[in-house]
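**Q** Residues in the sequence shown are numbered consecutively from 23, following the working numbering.
For every residue, glycine included, the Cβ atom is placed at its ideal position computed from N, Cα and C.
Have a look at the structure that comes next, please.
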Amino acid sequence: MRTRDQAKYDSIVDASINLINDLGFDGISISKIAKKAKVSPATIYIYFDNKEDLFTKLYIDIREKMSRGALEGFEEGMTTEEAFKSIWHHSFTYNLRHPEYLAYREQFERTTMMRNIRAEDFELFQTVDRLLKRGINEMTIKALPPPILTAFAYFPIITLLNFHYAGIVKMDENNIEKACEIAWNAIHS
Numbered sequence: 023m024r025t026r027d028q029a030k031y032d033s034i035v036d037a038s039i040n041l042i043n044d045l046g047f048d049g050i051s052i053s054k055i056a057k058k059a060k061v062s063p064a065t066i067y068i069y070f071d072n073k074e075d076l077f078t079k080l081y082i083d084i085r086e087k088m089s090r091g092a093l094e095g096f097e098e099g100m101t102t103e104e105a106f107k108s109i110w111h112h113s114f115t116y117n118l119r120h121p122e123y124l125a126y127r128e129q130f131e132r133t134t135m136m137r138n139i140r141a142e143d144f145e146l147f148q149t150v151d152r153l154l155k156r157g158i159n160e161m162t163i164k165a166l167p168p169p170i171l172t173a174f175a176y177f178p179i180i181t182l183l184n185f186h187y188a189g190i191v192k193m194d195e196n197n198i199e200k201a202c203e204i205a206w207n208a209i210h211s
């Protein structure tokens with residue numbers, strides 16, 4: 023069995039993300055990924071079972087990176103408002119620094135491959151779910167199902183980032199703080 027090489031793995035990951043973001047999932051083949059990554063197609067199969075396995079593992083890896091980025095600075099002892107704003111702000115700034123991850127995530131979530139993924143398996147989902155339920159119990163967050171709260175509080179991050187990337191609005195620190203406050207006000211009771 024051939025040994026794994028981190029540099030080759032990273033090259034495969036980067037090539038996959040770039041190609042998928044440029045061409046979409048339907049336009050991608052293992053040979054295209056291998057060519058862009060400058061590895062042989064057989065090398066890809068050292069790391070992944072097949073194309074769908076590659077795409078799914080990439081998605082999981084990206085979601086875990088996004089989770090770590092969003093939870094940076096989060097502490098269980100924070101007030102609900104402090105915790106919400108910390109997660110919101112860090113989620114926004116992480117995705118602002120990594121537009122390629124957000125683009126990949128958005129494309130993947132529109133595929134049938136998503137049926138094998140459970141949002142509940144990600145640390146960020148679990149933390150936000152606990153935070154929202156805590157806020158509901160404290161009566162600092164509106165008593166609505168967490169998916170509704172998430173739709174109003176966190177999904178606008180994607181829209182604002184897309185506006186920023188398109189040049190519609192510059193999401194500087196001032197606008198990020200204002201948007202975070204609006205998100206909090208949307209769910210605050």
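On a CA-only basis, which of N159, L182, R127, D44 is nearest T102? Give me that one, please.
**A** Here residue 102 corresponds to residue number 80 of the sequence shown, with the count starting at 1. Per the Cα distances, N159.
**Q** Going by DSSP in three states, I34 sits in which element: helix, strand or coil?
**A** Position 12 of the sequence shown, counted from the first residue, corresponds to residue 34. Helix.
**Q** Out of Y67, L93, R119, which has the shortest C-alpha to C-alpha gap to K107?
**A** The count along the sequence shown starts at 1 and reaches residue 107 at position 85. Nearest of Y67, L93, R119 to K107, Cα basis: L93.
**Q** So M88 is in the alpha helix (DSSP H); what residue range does that whole segment cover?
**A** Here residue 88 corresponds to residue number 66 of the sequence shown, with the count starting at 1. Looking at the DSSP string, the run of the alpha helix (DSSP H) that includes M88 is 73 to 92.
**Q** Let me confirm a value: V61 is counted as buried when at least 16 other C-beta atoms fall within 10 Å, else exposed. Which label applies?
**A** In the sequence shown, counting from the first residue as 1, residue 61 sits at position 39. Buried, since its Cβ has 16 or more Cβ neighbours within 10 Å.
**Q** Taking the Cβ atom as the reference point for each residue, do K58 and A29 lie within a distance shorter than 8 Å?
**A** The residue given as residue 58 occupies position 36 in the sequence shown. The residue given as residue 29 occupies position 7 in the sequence shown. The answer is no: Cβ separation not under 8 Å.
**Q** Consider the C-beta atom of L41 and the heavy atoms of the ligand SAH; say whether any pair is separated by less than 7 Å.
**A** Of ligands this structure carries none, so the ligand SAH is not represented either.
**Q** Assuming I166 is part of the alpha helix (DSSP H), what are its boundary residues?
**A** Working through the sequence shown from its first residue, we reach residue 166 at position 144. For the sequence presented, residue 166 should be read as Leu rather than Ile. Looking at the DSSP string, L166 is not in any alpha helix (DSSP H), and its letter there is neither H nor E.
**Q** Taking 8 Å as the threshold, find out whether the segment 150 to 166 comes into contact with the segment 114 to 122 through three or more Cβ pairs.
**A** Touching, no.
**Q** Excluding the 5 residues flanking R42 on each side, which residues of the same chain have their C-beta closer than 7 Å to its C-beta?
**A** Your numbering for residue 42 matches position 20 in the sequence shown. Residue identity differs from the one stated: residue 42 is Ile in this sequence, not Arg. Same-chain partners within the cutoff: I50, Y126, Q129.
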